[in-house]
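Numbering (this note's numbering), first residue to last: 2 to 946. We put the beta carbon where it would ideally sit given N, CA and C, even for glycine. A quick write-up on the structure given underneath.
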RNA sequence: GCGGAUGUGGCGUAAUGGUAGCCGCGCCAGACUUAGGAUCUGGUGGCGAGAGCCGUGGGGGUUCGAGUCCCCCCAUCCGCACCA
């Protein structure tokens, strides 16, 4: 039989599908292994060309693990809610469910063509009510939980209520939006609405007025990770800051655990680093600075921040600093433009200027603000604060270089040792005072400085009681001091912010929330799912309400339901758990299923999810862990980021002012304009001239200056995009070479985690290998030619060398070198004309993870009725590797000169005399006496002269 | 600016501190062919007629021996970026 990949691949894909070959059970008698690909969003464009890379790698690993005796969970499904389908719906009126269904179907077809071993019986979409029921359920649990810092976990909010009833806020140490203080009696005296408002301050899913990223272009708010450089990731629309009432997840409560957990997972250093940066832990101090007024300060009273009855006139600002040691160098204070105390403290003379500045700053878009980071702006309030340590009066300024949502929105400025404060001080001519020096006597005049001295090492100077201490000691001393003064304490701040969880959109999970008396209440879990209602149009209402406000009778027992929907990351944060038990209608997933599958052993996907999905799902999982659902605290044990697939563009060079095109090698002789040319009409950088002329009307009459009769195109690695004409569709390659060739070629390109250009130039080589592989089993004239003869020792050696290499490479995900090993093996067996079953049968198993179709066909031809995926991975036998002699490379001073063979049993003592006598060695020694001879057994001999 | 990664033939890449360039593309030569973007065989880092010399971004170092380990520098890519 001839190798006909179209026939073979179609045949086996059909058989696999019909027999549910890849369906697996939760079978506790076998060790488990969970391999997962990152949830794809089925876009209208079909499978992105970068996707298969990761899918192939995970598929190979899954098949390999299965052959190694593991029960492998390898599911697939779709992250199906989201903006593109809805944008399309707004434009065309087509319901997003229809678009989504169509896209999912196309994805599935593409995936099936690549021969993946997914257990499709576990497939689901995030927009399935059966699934989003559990997304809503989790939201309800979050709503009814708070984070107890003492227990360091989520707890039922009912316990907090109970505590309030008995003790008020005394001894409460919980994650919250703002510190609260009331007694049990005060609590009991509160109205139901007031109580709900107070509890909202603690819930893990809470409703609050916050500054959000409002994207008018998309008509919705966005999470921080959905905004890059002030533009929305989807669509690239400008984003502005807006104060809105939104659902928010208290992710920040988990900041420390999210950070600590990174030490327990096997992810790349770079990915962990990105997450650490995103979480952004910094240690420092919180210190209160009072507003300056006449007389002595009662620091204890000031600490209470005016919350004390009778001390309403005391105004103070809480600042956060990572450098408490530099407090003697504070020469001014800065508040963010959003700071609530600005109106209260601004002097009448300064009021117009301050108000103008605040209005200007608040109305700037995020993009403008970020683009002009280097520009210094700000305004003096006319008010002064008191440095609580030095008791100096310092001016209070307002500037947008202080951010409202980090720390407290107020800073103590130390221009000598902070570059931003320095720039600000220089711009507004504020004093700069040095308080840190490399050595205690090494002072200089800050007036002459061109930049601040940000060093975190050195000695304190001009710093009163901490003079002479190191920076570290000084910091500690100041924290001690402010503590005893009751005006501050050492603390930790995180950059990680709570996640905005509302979207003013239709195509997402509805919230299981209704409003009574203006306060939100959850729908009973027995009544879930809250299904997405039908609406007539997908736009916001005329009054600016989200689309769900259009739904008829969108109420619960007469109460209005929530109009917002959940964001894209809601459904993708816990999907990996649902695969463990996807059809369970009683629970998210059963305890038994979770106890068995535990967490994902291998997660494969792109690094672009580093600050979104991979933080949210870790948070989601930790919460489910806290409430006893998930038995593992980290969801993804090992994670591999497939490298980005870059485009490889081709160019033709038009001679300026003509319709003449000059070949790459000759272009330097002319003045040319490079023009992108469709890579699909270029083969190995040689342009198909006829196809080029037909490609676009402009080129129909093109003339060419050739080299060696050909037009050679230039090339460059760029981002893959339609406008650069460097997009290649995996379907076309499957059509041309077959899935097995494509799978192996993608692996052959290089290490899986490395970024690489999508260059199909080498695919022919892999195609040749596949055909060569086929011919090991089928003779030149296409007849089955496997013999039952006993292989030679040499043939066994080739096989076992390969078994060892493939096993090692599979284990370390080095799939490129494994493909290379298969090629070497096929070359060697071909040279040996080996057609023996005892060699070719195990080899077929080895290859089956990489090229499942051809392997399945050959396996059947070898006489097996069961699938090759159920075969056992061959056992490596070291005895075939044993040799009696070893050919030593002999080097002189580390340079390899010649080779001499010695029995492996020979020791250095036995080798040396023979070595010295050797005429070639004599020649290289040229009469000199070797200083030293190094023999590394079975490795190398080095003669030092 | 901060953090992470990467630098090896014309190209993709390979090398537990031990023979640099495996495997493949491309290229060259040959075989079979009416033909070749098919198949097969051989060759292919640079310089040199040759023995040989030089070669892993650059410069130092450790070592009998460095692409690999250490220090400094350069380039490219990725992430973060007024985070106090």
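Checklist entry - From this set, 105, 612 and 383, which residue's C-alpha is nearest residue 229's C-alpha? => result The residue with the shortest Cα to Cα distance from residue 229 is 612.
Checklist entry - Helix, strand or coil: which one does DSSP assign to residue 611? => result When secondary structure is reduced to three states using DSSP, residue 611 falls in the coil class, being assigned neither helix nor strand.
Checklist entry - By the 10 Å Cβ neighbour count, where 16 or more other Cβ atoms means buried, how is residue 683 classified, buried or exposed? => result Within a 10 Å sphere around the beta-carbon of residue 683 sit 16 or more other beta-carbons, which makes this residue buried.
Checklist entry - How would you write the range of the alpha helix (DSSP H) that residue 801 sits in, first residue to last? => result Run containing residue 801: 794–812, per the alpha helix (DSSP H) assignment.
Item to check | Burial state of residue 490, where buried means 16 or more other Cβ atoms lie within 10 Å | outcome: Counting other Cβ atoms within 10 Å of its Cβ, residue 490 stays below 16 and is therefore classed as exposed.
Next on the checklist: One question on the structure: do residue 771 and residue 713 come within less than 8 Å of each other, judged by their Cβ atoms?
Outcome noted: No, the pair does not count as a contact, with Cβ atoms beyond the cut-off.
Item to check | Counted within 10 angstroms of its Cβ, other Cβ atoms place residue 937 as buried (16 or more) or exposed | outcome: So residue 937 ends up on the exposed side.
Checklist entry - How would you label residue 505, buried or exposed, when you count the other beta carbons within 10 angstroms and need 16 or more for buried? => result A residue is called buried when at least 16 other Cβ atoms come within 10 angstroms of its Cβ; residue 505 meets this threshold and is buried.
Checklist entry - Assuming residue 946 and residue 893 make a contact with CB atoms under 8 Å, what is their CB distance in whole Å? => result Beta-carbon to beta-carbon, residue 946 and residue 893 are separated by about 6 Å, close enough to satisfy the 8 Å threshold.
Item to check | Limits of the beta strand (DSSP E) - the one that residue 49 falls within | outcome: Looking at the DSSP string, residue 49 is not in any beta strand (DSSP E), and its letter there is neither H nor E.
Item to check | Three-way DSSP call (helix, strand, coil) for residue 628 in this model | outcome: Residue 628 carries a coil assignment under DSSP once its states are collapsed to helix, strand and coil.
Checklist entry - Closest to residue 242 by CA distance: which of 371, 896 and 816 is it? => result Comparing alpha-carbon positions, the option among 371, 896 and 816 lying closest to residue 242 turns out to be 371.
Checklist entry - Got a sec? Which residues, its chain only, sit under 7 Å from residue 91 by beta carbon, not counting five neighbours each side? => result The beta carbon of residue 91 sits closer than 7 Å to those of 539 and 540, all from its chain and outside the five residues before and after it, given in chain order.
Checklist entry - Cβ of residue 1 within 8 Å of Cβ of residue 807? => result There is simply no residue 1 to check, as the chain begins at 2 and stops at 946 in what is shown.
Item to check | Contact set for residue 454: own chain, Cβ-Cβ below 6 Å, skip 5 residues either direction | outcome: The beta carbon of residue 454 sits closer than 6 Å to the beta carbons of 418 from its chain, once the five residues preceding and following it are set aside; these are given in chain order.
Item to check | Under the three-state DSSP convention, the category residue 22 falls into | outcome: Residue 22 carries a coil assignment under DSSP once its states are collapsed to helix, strand and coil.
Next on the checklist: I'd like to know whether the C-beta atoms of residue 251 and residue 152 end up nearer to each other than 8 Å.
Outcome noted: The answer is no: Cβ separation not under 8 Å.
Checklist entry - Taking just the CA atoms, how far does residue 610 sit from residue 572? => result So the alpha carbons of these two residues sit roughly 15 Å apart.
Checklist entry - Short check: CB of residue 899 to CB of residue 891, under 8 Å? => result Result yes, Cβ atoms of residue 899 and residue 891 sit closer than 8 Å.
Checklist entry - Got a sec, what are the start and stop residues for the alpha helix (DSSP H) residue 832 sits in? => result Run containing residue 832: 816–832, per the alpha helix (DSSP H) assignment.
Checklist entry - Thinking C-beta only, is residue 759 closer than 8 Å to residue 721? => result In terms of Cβ geometry, residue 721 and residue 759 form a close pair [threshold 8 Å].
Next on the checklist: I'd like the span of the beta strand (DSSP E) that includes residue 661, first residue to last.
Outcome noted: Element bounds for residue 661: 661–663.
Checklist entry - Per DSSP, residue 213 is paired with what? => result Note: residue 213 sits in a beta bridge opposite 243.
Checklist entry - Nearest-angstrom Cα distance between residue 73 and residue 205? => result Using only the alpha carbons, I get a separation of about 35 Å.
Next on the checklist: If you reduce the DSSP assignment to three classes, tell me which class residue 595 lands in.
Outcome noted: It is helical.
Item to check | Proximity to residue 127 [Cα-Cα], best of 569, 274, 402 and 156 | outcome: Considering only alpha carbons, the answer is 569.
Next on the checklist: Contact defined as beta carbons within less than 8 Å: I believe residue 560 pairs with residue 515. What is the distance between those atoms, to the nearest angstrom?
Outcome noted: Indeed they touch by this definition, with Cβ atoms about 4 Å apart.
Next on the checklist: As a quick exercise: from 351, 255, 488 and 450, pick the residue whose alpha carbon is nearest that of residue 321.
Outcome noted: Of the candidates 351, 255, 488 and 450, the one whose C-alpha sits nearest the C-alpha of residue 321 is 488.
Next on the checklist: Using a Cβ-Cβ cutoff of less than 8 Å, which residues in the same chain neighbour residue 345 once the five nearest sequence positions on both sides are dropped?
Outcome noted: Residues 316 of the same chain have their beta carbon placed closer than 8 Å to that of residue 345, with the five preceding and five following residues left out of the count.
Item to check | Closest by C-alpha distance to residue 884, when choosing among 869, 931, 837 and 795 | outcome: Closest option to residue 884, Cα to Cα, is 795.
Item to check | residue 482 (DSSP reduced to helix, strand or coil) | outcome: When secondary structure is reduced to three states using DSSP, residue 482 falls in the helix class.
Checklist entry - By Cβ distance below 6 Å, which residues in the same chain neighbour residue 798 in space, the five residues on each side in sequence not counted? => result Taken in chain order, the residues that qualify are 881.
Item to check | Close Cβ partners of residue 869 (< 7 Å) along its chain, the five nearest in sequence each way excluded | outcome: Excluding five sequence positions before and after residue 869, the CB atoms of its chain that fall closer than 7 Å to its own CB belong to 845, 846, 849, 856, 857 and 860, given in chain order.
Checklist entry - With C-beta atoms as the reference, is residue 863 less than 8 Å away from residue 842? => result Taking 8 Å as the cut-off, the beta carbon of residue 863 is found closer than this to the beta carbon of residue 842.
Checklist entry - Should the stretch 725–744 be regarded as contacting the stretch 5–15, the criterion being three or more beta carbon pairs within less than 8 Å? => result Because the criterion of three Cβ pairs below 8 Å is met, the stretch 725–744 and the stretch 5–15 touch.
Checklist entry - Per DSSP, what kind of secondary structure is residue 291 in: helix, strand or coil? => result Taken through DSSP and simplified to helix, strand or coil, residue 291 comes out as strand.
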